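Structure first, then comments.
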Amino acid sequence: MKFKPLTTKEGLSNNSVNDMISDADGRLWIATWDGLNVYDGATVTVFKHHPSDSTSLSGNVVLGLLKDATQRIWVLTDNQTVSSYEGDGIFKAYHFSEQPDALALTKDGRIAVAIQDEFLVLTANAFLKHTAQQIQTTDHLGVLKHFLLQKYPELIINDIFKDSEGNIWYATRRNGLYIIPNTPKNVNNQFIEHYTYDLYSPYSFTSNEIEKIYQDDFGNIWLAHKDGGVSMAYNGAEQITTIIPHPVKFPHLPNETIRAITKDNQSTIWLGYYTKGLFYYSEQTHCFLPFEIKEATENEDWNRIRSLYTDAEGTVWAGTYNGVIKITKNGYQLLNATNTPNFPYNRNYAFCEDDKHLWVACWGGLGKLDTETATFKRFPHQEVLNDYHIRYVIKQQDTLVLATEANGVLFFTEQEGIIKRITTADGILGNSIYRIHFDTHTGYYWIAALGGISVYATEKGIIKNISEADGLPSHMVYGLLSNGSKMWISTTKGIATIDTHTYQVFQLPKDQGWQAEEFSEGASYQDRKGMLFFGGINGLSYFQPDAYHYSLKPPKLHVVIDGKENYTQRLSKTYSHNSLSVQLTPVSFSGVHPAIYYQLKGFDTDWKLYNGQELLYHNLSAGDYTLLTRIEGEQGSVHNYLELHIGKPFYQTSWFFVLCLLVLVGLVSGVIVRKNRTAKRIQRELEEKIRERTATVEDQKATLQRTNEELEARHTELNVQKEQILALHHQLKNRDFEVEKFKTFVLSGFKPKLSKIVQELQKVSTSGKKTEMEQELFALIQTISEWDYLDHVQALGAVANSQVQFKKLIRRIYENIQLGKITIEAKFTYEIMAASELIAIDVLRLKLLFQYLLNEVLKYSDSASKLTVSTVLEEKDMIITLQSNSALLREQWENIQDYSPYYKAFETLLKDLAGVIQQTTSKELSLTITIPVVNVQQQTEASGVLLLKHLEQSDAQQKPSILVYCDADDVELVQHLLENTSYQLVFEHDANALPSALQQINVKALVVYNALFTSALIQVISQPAFKQLPSLYIAEHIDLEMEEKVMDHGMSAIIYLPVRAGFIEKKIQSILQQRKKVFSAGGYDLLSDSAATSVNLNPNEKLVKQALELIRKELGNAAFNIDILHSTLDISRTKCYRIFKEVLQQSPSDVLINLRLQKAEQLLLHDRLNISEISFECGFNDPKYFSRMFKKHFGASPKSYKQQQQNEFPV
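Count along the sequence shown starting at 1, add 33, and that's the number in the numbering used here.
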């Protein structure tokens, strides 16, 4: 038996209670030694005596309470007074000459007062003497005293009560409560339950001195204590077993939240606490004992339990903050992620058994634990789960369903990985998931989230969402346990059940002796017998759901109308007082508050949910109204509390209508007479106006006819002019296109002359006019150069498909589109409708196709026109849609098709790609281009492509190679361009990795494909080793500025696409032959003493020349350094450094080192000296230091460099 105390802490005026009774609304009236209290289940209202108020309670010491046949409450106080409660806080007092002993009722239900041996009955507003035979007998339970006193004769019994089930309750003066159960096994009353005050139990009553026992209108038993307030015995609390920390019963249990529960094969209950470790129930000690983990003394995370599970073999597994604990009869074993392979993370929140394996939900992945070997096994696609915080896991057939902390629910298979993810975007109530349950009867998933419960079907989606608005105690649902047609849930605000067919929510009373109102995450468990266990912040509660029965009686309502408790059910008001106020107070002691709905019939059109606030109705219309209420859970039961009639206003009465009718008749008569007189006058005026208007219309008609004739002649003249203008327009249009054709023909021969003009212009001094002219000439030369290259598209060779990511390809094509000075609204989009975005297509032809088509479209687009380009990838085709509202483009499109060299090149490329084009030119130009593509499911390595980072494991290091620097997406395209070369192609995408290529492979030439000259690339190609290396730059677009950059950075040549097949191979062979001739001729003159002397040298240049001659003479002198140099020149060290930087852009020390290394290179290639001898000849005392400097300068050691040069240029 568990009890709920109600003391001064909860609002009672005093803790010593003499009597209790219920009023007509179910409220509990409590008589204390200091005031009268009324309790409705939520608040306590206190009545006391106020000397200045005659309607207040007559005395503060209340000795007794009684309710007569009219449901009126009577109060007996210690000042010789009996008071009746009249409602609205008003009491009516009756005074006596002597102190009444008690209150009683007559057999017809009237109030009576017992004074000594006499009875006074209220008759005609006065208490008169009556015989005792008219008084009801109250001591009919006196014989029950002997049942208890036979066994405990020393007890002093204050009260006896027989409840509705026949159980006998005894209130004693000092020994608490005794109960004789009314069961078939207790026919002889041998079983007597005894309850006393327990200081350490929250469900104990508060005093062993019990004055009164009372059963309220809801069936609850109340105890009135002296110095203990009142206590309510929880109805049905015996069905629930609660375990909480207790210094006598459970001295070892910590006062902390339970986070995990299980039972082993010996039916031993195991509890896991938030930070205090594991506890198990001992049959020997009949209490819970701690399970010691020795390693927890060094790492307390072993005691932070988050999950418990008992597998089929009876092994208990505990998930902690520091790993997994395996518990058997022989002891325990610890598994930690730091020393256990394939264990993803130490924080473990749930286990799921699967054929001698446990799936372990981790705060950073999912583990697969072999229960026999206690080792974690790796499984396919495990790594994709490492970023998820997984709270719970279940397995349904081959699919694992995972509850995550912030990413919703994941559906995972070992064959495919994550196959589905459902989040709030799919309709569930939250992305933070605490529990998942699969209902085998319906095939639905029940998902407990931060927001409520979602019922989900894999095929249909969301079946039902259940939130607080649907009756959940809280939006935070931690536990889901199924039993029959009910789903039992635990929340932060109590326990509830949900019907799995109707989804109706039933909240269990909070006042039934649960461990607390708040339950915790992970602390829910169902054993093999179906027993349900729920843990929370104070302890554990468990029960058998099949045996649990609770009949919740609906609350009663205490209704106050217009501020009055005592109101007539039929109320009439005048129209001037057409307002109504209603206060509804639900009366219930179960802790469950079902929803209350109300409706003022005649005003409200539907039922409304009562929110606890006073209901106010203003400006009610005349008529009849009925105040109706109904309570959730009652089967359609509607209660009628008030019938209200609002009288009609004066302007709706019959005499008011008669008066208004007479006034109206008089007004209508006067209006009719006046109207007739006015009508005759207006008729005369209208006739005159009609005659005048007729004459005016005739004049206007004649004028209009003359005007029409003039307009007709003008219209004929305009048509003739229009035809002349159209003819002239067509002549001008055809002439413009003939001029355009002539310009294309003539300018193709003017390109050399234009280039010469640019050269002469560059000699002119700089000015804004000059810069503008240069830009215009460059643009014209670039256009002519493009015309020269357009014919090459027919000689590109066979179509060569490359595997490429569609998204990256289209983005790069869009990024390269240059609108220039054209002011149009352009929109470029793409969409992937295929299973894979990896396709195979001739990338170069596709890029050129886009370039040539858009070149013509943009050229003929009007200012402020709109252009939309959309590219869609389907399974077998790429569909390009182009739409433009430019009038000029639409008008000239036919001429573009006939005469434009760009369009001719576009048609050639489209034919090579086996594409087709469709066009419409109604209101706007619309082009639809369909190009077949090959959809690749899995990318394969391109044949013949060799990456530098893979070369260490290849046997091709010594083969003559061409080093190619390009973007990773252009590898296959470049391979097709260079496929005719006889050299091995080595590709690299990182500019900083290029120098290492010279050390690893035999590089013959460097090819840079369409790359920007970044600082990293410039720094690399500026190194001496790359300066000597033949190099070629391949550009996708003609760009004269890029050509200047290529030349400035010392590259050998540049090629613009498109080019004829085999041209690139010939170009590479050409620059290699040129380089070979240079070496064969011995073209090293860097160290030669030139006899030529320029007379135009300034003083600084002459001084530098003198310094260089001195350095050349002293190159073999190891003692020669910069100090000797500036001393010999008779200048300061600072000035020496400054003039070297000014003239040579190098410091003196760098010049000295470079000249020595150049001499070393000559000796290395043309003399037969060894490395040590060369180092001394070049002024290095230490050969090792010389080798390091040589390698830093030339990118290879002296020996390797010599071998490389001899292989490349044999003498």
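Cβ atoms here follow ideal geometry from the backbone N, Cα and C, with glycine treated the same way.
Small disclaimer: the values here were computed from a predicted structure and weren't measured.
The beta carbons of W521 and L590 sit no closer together than 8 Å.
In chain order, V488, Y489, A490, I496 place their CB closer than 7 Å to the CB of Y477, counting only its own chain and leaving out the 5 sequence neighbours on each side.
Following the DSSP letters along the chain, one finds T618 inside the beta strand (DSSP E) bounded by residues 613-620. Following the DSSP letters along the chain, one finds S1160 in no beta strand (DSSP E) but inside the alpha helix (DSSP H) bounded by residues 1155-1162.
By alpha-carbon distance to T901, the top candidate from H610, D472, S917 is S917. For L433, the closest of G400, G460, L462 by C-alpha to C-alpha distance is G400. Shown here, D732 sits in a helix according to DSSP, grouped into three states.
In the structure shown, H748 adopts helical secondary structure according to DSSP, grouped into three states. The alpha-carbon separation between L1143 and R1166 amounts to approximately 16 Å.
For R380, the closest alpha carbon among the candidates T404, K362, Y1066, G352 is that of G352. According to the DSSP secondary-structure assignment, C1211 is paired through a beta bridge with no residue. Shortest Cα-Cα distance from R663 to any of E244, V997, K681, K634 involves K634.
Per DSSP, reduced to three states, the secondary structure at P627 is coil, with no helix or strand assignment. Excluding its 5 nearest sequence neighbours in each direction, Q951 has C-beta neighbours in its own chain below 7 Å: T961, listed in chain order. Runs of the alpha helix (DSSP H) spanning 4 or more residues and lying entirely within the stretch 394-451 do not occur at all. Of the residues assessed, H610 falls on the exposed side of the cut-off, its CB having fewer than 16 other CB atoms within 10 angstroms. Per DSSP, reduced to three states, the secondary structure at G175 is helical.
I243 places its beta carbon 8 Å or farther from that of L232. A Cβ-Cβ distance of about 5 Å is found for the pair G624 and P542, placing them in contact under the 8 Å criterion. Distance between A135 and F194, taken at the CA atoms: about 18 Å. Judged by beta-carbon spacing, I466 lies within the 8 Å limit of I480, meaning their Cβ atoms are closer than that value. Excluding the 5 residues flanking it on each side, T114 has same chain C-beta neighbours closer than 8 Å at S91, G92, A126, Y127, H128, F129, in chain order.
Counting along the chain, the unbroken alpha helix (DSSP H) around V1004 starts and ends at 1004-1010. A712 counts as exposed, since fewer than 16 other C-beta atoms from the protein chains shown sit within 10 angstroms of its C-beta. Per the C-alpha coordinates, the member of E554, E449, D388, T408 positioned closest to I469 is E554. Contact between I865 and K840 holds, with the beta-carbon distance rounding to 7 Å and staying under 8 Å.
Fewer than three beta-carbon pairs drawn from the stretch 1153-1168 and the stretch 1194-1207 are found closer than 8 Å, and the two stretches are therefore not classed as touching. Put simply, the backbone Cα of N112 is about 59 Å away from that of I294.
Ranked by Cα distance from V357, the first of R337, D196, Q248, D58 is R337. The three-state reading of DSSP puts H534 in coil, since its state is none of H, G, I, E or B. Residue state for M34 is assigned as coil, using DSSP reduced to three classes.
Taking each of Y72, I54, V220 in turn and checking the Cα distance to D249, the smallest one comes out for I54. Counting along the chain, F1219 sits inside no beta strand (DSSP E); it lies in the alpha helix (DSSP H) bounded by residues 1216-1227.
Check the Cα spacing between S621 and each of Y72, K1192, F1173: the tightest is with Y72. With a threshold of 16 other beta carbon atoms within 10 Å, Q1236 falls short and is exposed. Looking from the CA of N191, the closest CA among N571, G347, D52 belongs to D52.
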